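Visitor:
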Amino acid sequence: MKVGIADTTFARVNMGAIAIEELKRNASLRTERYTVPGIKDLPVAAKKLIEEQGCDIVMALGMVGRTPTDKTCAHEASLGLMSVQLMTNTHTIEVFIHEDEAENDKMLAELVDKRTREHALNVIKLLLEPKLLVKMAGMGERQGGPDVGPLRL
Amino acid sequence: MKVGIADTTFARVNMGAIAIEELKRNASLRTERYTVPGIKDLPVAAKKLIEEQGCDIVMALGMVGRTPTDKTCAHEASLGLMSVQLMTNTHTIEVFIHEDEAENDKMLAELVDKRTREHALNVIKLLLEPKLLVKMAGMGERQGGPDVGPLRL
Amino acid sequence: MKVGIADTTFARVNMGAIAIEELKRNASLRTERYTVPGIKDLPVAAKKLIEEQGCDIVMALGMVGRTPTDKTCAHEASLGLMSVQLMTNTHTIEVFIHEDEAENDKMLAELVDKRTREHALNVIKLLLEPKLLVKMAGMGERQGGPDVGPLRL
Amino acid sequence: MKVGIADTTFARVNMGAIAIEELKRNASLRTERYTVPGIKDLPVAAKKLIEEQGCDIVMALGMVGRTPTDKTCAHEASLGLMSVQLMTNTHTIEVFIHEDEAENDKMLAELVDKRTREHALNVIKLLLEPKLLVKMAGMGERQGGPDVGPLRL
Amino acid sequence: MKVGIADTTFARVNMGAIAIEELKRNASLRTERYTVPGIKDLPVAAKKLIEEQGCDIVMALGMVGRTPTDKTCAHEASLGLMSVQLMTNTHTIEVFIHEDEAENDKMLAELVDKRTREHALNVIKLLLEPKLLVKMAGMGERQGGPDVGPLRL
């Protein structure tokens, strides 16, 4: 099994390295890395990782700036990643962190690290243990922050 | 006939279990379940249920958070589900509940339960008794709340 | 020639029946009806009417609620109907009425009735007399309300 | 060479006639006209002009009303025209005029006339003299109003 | 290796010439230029450069006006460029400059020049030295302004 890792030079954290470390620590998987300038370059990178490099799943890692134009770029990138999945019948897990999600650089870096690692674990489950996800259905899982858990009745 | 059930670990209610229970109670149908992390992972799951698992219809079950980013994710997921249907000529019934649709956790859980079950009944009609839907055309049906009924003249 | 009629149980007027009546009154055309729960189910219904039932054109009939989520759903449905047309090279005439277009139920029902019938006449022209549309080019035609006419110079 | 001319009965100016007149006055080109009810019907008309009528380029001519729903329709039509171009590798020049671009009917009519004619000239250049466009690259050309010209340094 | 250069007559700077100069100065690459009227014409131009002219990558160069309609056009063009990439498995680097990104014409021209050149260098890396991009992953690179660098911890 091979996991494609697409990340950007725009991001302010080496997200690809974090993802690869977490994947290797938890499973025996090959990885293929592809770094592009910005998040709008991620979808075609993901598609090439799947179709030209034989990846079974891709992590698309990116950071999103604070301006309305940045938000629009993220939306366009997300729609591109959606198309990639439907054109290839292959999961492409989007790991986007918005710069305005955290109060300062330190908290932002921690959020990037945590969300990337937790999505890496999801990738392992999707590839190797999909039944574990069924067991967690409806549990209010969150990547990067505390899980909110199921609704209290 | 086989119904694909795609749901998420992000949701705060086990929507897949509710859908399967309601389907089994009302019809003799096989089901295939596929749980993914979040709603943006649902479209490719739905497509794989149709193309790789032979499902005749899919229920795409998810909850949507309260932030603008959550709303954008729901929009992207909806566009993905639209594409899945047009690529496969197969209905994929979207059952999304927004967290801000209810005042508290209890009411939200009830809404999730009711809407999921009512859409499960729609799935049965689409598969087995499409003429029943024609009879209800224009009747102001709603899933999860009271039907509003036809316009009063 | 066969006209596909796709409508919904969500609508509060039996739009499919109105469309069929108007079509039959004005032309000799066969119709095929397909009722689905909501407007986001219309695109795949339209595509199936074209590809599986051999329809030469489709009317996609629906009502749109008052909330922002309803408006987003309409946008997604419209994009889906756009894709259906481009995938099939077949017109799919969208007849959507927004609940907030009229002041009360009676006026809304009249609007639904009038717009549906006027679009049915457009469907007949597109299928049987396209040159009549060329004659009306730039005439400020409106469906459901009074025509605004060409610009006054 | 054949130019497809798609326009609408919704528009308040006979845009198709203006476009054809300007094309004929400036070049020896055949035209094929296709009038549809509204701008959301233009993309499939454009695709049919290209694929079924053998047009080498299409002008998609329409007017956009003042309401938010009108603006959304224009956006959906534009996305459709984008898809047509990518599905056919053929330019489809969008000539949309928003009703709120001018202060009164007379100025609006003049704007429609001017923009349509200037886009007709662009169509001729794209088909017959593409190198003329390269010469104008970065010159701040505008269709319908005065050119803004290159940035002043 | 051949780089497609798509630009517009709408822009107020000769972006294509700048891109070609920077590419030629830094690498031995052939270029193919295609100028179109506006940014919404860029996607099909990019696709034709790839499929009909054999380009290995494309730079799509454009300027975006200040009005909401201009912003919507840019969004539509971006979605088109996304589709081109996924249909061709080929990078199409979008270089858009918004007129409201700078305070005056002089600063705007400098921004256009700088961003175009820096993206030209990215194009060279993507084509010839992709491993250099991996080395810069997460470094907070920006095109046109100062790099923001990695997060301070």
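Residue numbers (my numbering), protein chains in the order written: chain P, 1 to 153; chain L, 154 to 306; chain A, 307 to 459; chain U, 460 to 612; chain Z, 613 to 765.
Quick reminder that beta carbons are idealized off the backbone N, C-alpha and C, glycines included.
Predicted model, so just to flag it, every value in this text is computed and none were measured.
Report the three-state DSSP secondary structure of Arg-33 of chain P (helix, strand or coil).
Guide: It is a strand residue.
Visitor: If you drop the 5 nearest sequence neighbours on each side, which residues of the same chain put their C-beta closer than 7 Å to that of Gly-371 of chain A?
Guide: These residues qualify, in order along the chain: Glu-405.
Visitor: Leaving aside the five residues before and after Asp-466 of chain U along the sequence, list all residues of the same chain whose C-beta is less than 6 Å from its C-beta, in chain order.
Guide: Excluding residues within five positions, the ones whose Cβ falls inside 6 Å are Met-474, Gly-475, Thr-494 and Leu-520.
Visitor: For Gly-674 of chain Z, decide whether its Cβ has a neighbour in chain P, counting only Cβ atoms nearer than 9 Å.
Guide: Closer than 9 Å: no.
Visitor: How many angstroms separate the CA atom of Met-82 of chain P from the CA atom of Asp-347 of chain A?
Guide: About 19 Å.
Visitor: Could you check which residue in A:Lys-308, A:Glu-382 and A:Glu-328 has the C-alpha nearest to that of Gly-360 of chain A?
Guide: Selected option, being the one with the closest Cα: A:Lys-308.
Visitor: Can you give me the Cβ contacts of Gly-650 of chain Z inside the same chain, cut-off strictly under 6 Å, excluding the 5 residues immediately before and after it?
Guide: Result list for Gly-650 of chain Z: Thr-620 and Phe-622, in chain order.
Visitor: Can you check whether the C-beta of Cys-514 of chain U is within less than 9 Å of a C-beta belonging to chain A?
Guide: No, because no Cβ of chain A sits closer than 9 Å to the Cβ of Cys-514 of chain U.
Visitor: For chain Z, is any of its Cβ atoms less than 9 Å away from the one on Lys-40 of chain P?
Guide: Judged by the 9 Å Cβ criterion, Lys-40 of chain P is in contact with chain Z.
Visitor: If Ile-709 of chain Z and Leu-635 of chain Z are in contact, beta carbons under 8 Å, what's the gap, nearest whole angstrom?
Guide: Their Cβ separation, rounded to whole angstroms, is 18 Å, which puts Ile-709 of chain Z and Leu-635 of chain Z out of contact at 8 Å.
Visitor: Return the first residue and the last residue of the beta strand (DSSP E) that His-710 of chain Z is part of.
Guide: Start and end: 704 to 710.
Visitor: So Leu-610 of chain U packs on Leu-720 of chain Z, CB below 8 Å; how close in whole Å?
Guide: Between Leu-720 of chain Z and Leu-610 of chain U the Cβ distance is about 6 Å, and since that is below 8 Å, they are a contact.
Visitor: Taking only beta carbons into account, state which residues of the stretch 154 to 166 of chain L come closer than 9 Å to chain P, listed in chain order.
Guide: If the cut-off is 9 Å between Cβ atoms, the stretch 154 to 166 of chain L has Asp-160, Thr-161, Thr-162, Phe-163, Ala-164, Arg-165 and Val-166 near chain P.
Visitor: Consult DSSP for Val-676 of chain Z and reduce its assignment to one of helix, strand or coil.
Guide: Looking at Val-676 of chain Z - three-state DSSP - the assignment turns out to be strand.
Visitor: What does Ala-415 of chain A reach in chain L if we use C-beta pairs closer than 7 Å?
Guide: Neighbours of Ala-415 of chain A on chain L, chain order: Leu-304 and Leu-306.
Visitor: If we ignore side chains and look at the alpha-carbon of each, how far apart do Ile-516 of chain U and Val-707 of chain Z end up?
Guide: Each residue's Cα considered, the two are about 26 Å apart.
Visitor: Is DSSP giving Val-517 of chain U helix, strand or coil here?
Guide: In the structure shown, Val-517 of chain U sits in a strand (DSSP, three-state: E or B).
Visitor: With a CB to CB cut of under 8 Å and the five nearest residues on each side skipped, what residues in its chain are close to Ile-173 of chain L?
Guide: So the qualifying residues of the chain are Ile-158, Thr-184 and Arg-186.
Visitor: Relative to chain A, which residues along the stretch 536 to 556 of chain U have a C-beta separation below 7 Å, given in chain order?
Guide: Those would be Leu-538, Gly-539, Ser-542, Val-543 and Met-546, in chain order.
Visitor: Would you kindly report the start and end of the unbroken alpha helix (DSSP H) that includes Lys-267 of chain L?
Guide: Taken as a continuous stretch (DSSP letters only), the alpha helix (DSSP H) holding Lys-267 of chain L covers 258 to 281.
Visitor: Residues in its own chain within less than 6 Å of Ala-198 of chain L by CB, not counting five upstream and five downstream?
Guide: Contacts found: Ala-159, Tyr-187 and Val-189.
Visitor: Run through the DSSP bridge pairs and tell me what Thr-467 of chain U is partnered with.
Guide: In DSSP, Thr-467 of chain U forms a bridge with U:Val-495.
Visitor: Going straight from the alpha carbon of Lys-594 of chain U to that of Gly-604 of chain U, what length do you get?
Guide: Their backbone Cα atoms lie some 20 Å apart in a straight line.
Visitor: With DSSP collapsed to three states, give me the class of Val-156 of chain L.
Guide: Three-state result, Val-156 of chain L: strand.
Visitor: Rank P:Met-87, P:Glu-129, P:Ala-74 and P:Leu-111 by C-alpha distance to the C-alpha of Arg-142 of chain P and give the top, closest one.
Guide: When only C-alpha atoms are compared, the closest one is P:Leu-111.
Visitor: Does Lys-507 of chain U have its Cβ less than 9 Å from a Cβ in chain A?
Guide: By this cut-off, Lys-507 of chain U is an interface position.
Visitor: Could you tell me whether any Cβ in chain L is nearer than 9 Å to the Cβ of Met-139 of chain P?
Guide: It does; some Cβ of chain L falls within 9 Å.
Visitor: By Cβ distance, which residues of its chain are closer than 8 Å to Leu-149 of chain L, with the 5 residues on each side in sequence left out?
Guide: Outside the modelled stretch of chain L, which goes from 154 to 306, sits residue 149 of chain L, for which no answer is possible.
Visitor: Which stretch, first to last residue, makes up the alpha helix (DSSP H) that contains Met-474 of chain U?
Guide: Element bounds for Met-474 of chain U: 474 to 485.
Visitor: Please report how far the alpha carbon of Asp-266 of chain L lies from the alpha carbon of Arg-25 of chain P, in whole angstroms.
Guide: So the two alpha carbons sit approximately 39 Å from each other.
Visitor: Measure the Cβ-Cβ separation of Gly-446 of chain A and Asp-453 of chain A and say whether it is below 9 Å.
Guide: Yes. Within cutoff.
Visitor: Just the Cα atoms here: how many angstroms apart are Lys-718 of chain Z and Arg-624 of chain Z?
Guide: If I take the Cα positions, the gap works out to 12 Å.
Visitor: Going by DSSP in three states, Gln-238 of chain L sits in which element: helix, strand or coil?
Guide: Reduced to three states, the DSSP call for Gln-238 of chain L is helix.
Visitor: Quick one: using the 10 Å Cβ neighbour count with 16 as the cut-off for buried, is Ser-640 of chain Z buried or exposed?
Guide: Exposed, because fewer than 16 other Cβ atoms sit within 10 Å of the Cβ of Ser-640 of chain Z.
Visitor: Name the chain P residues whose beta carbon is nearer than 8 Å to that of Gly-169 of chain L?
Guide: Val-134, Ala-137 and Gly-138, listed in chain order.
Visitor: From this set, A:Met-365, A:Glu-357 and A:Cys-379, which residue's C-alpha is nearest Leu-427 of chain A's C-alpha?
Guide: Selected option, being the one with the closest Cα: A:Met-365.
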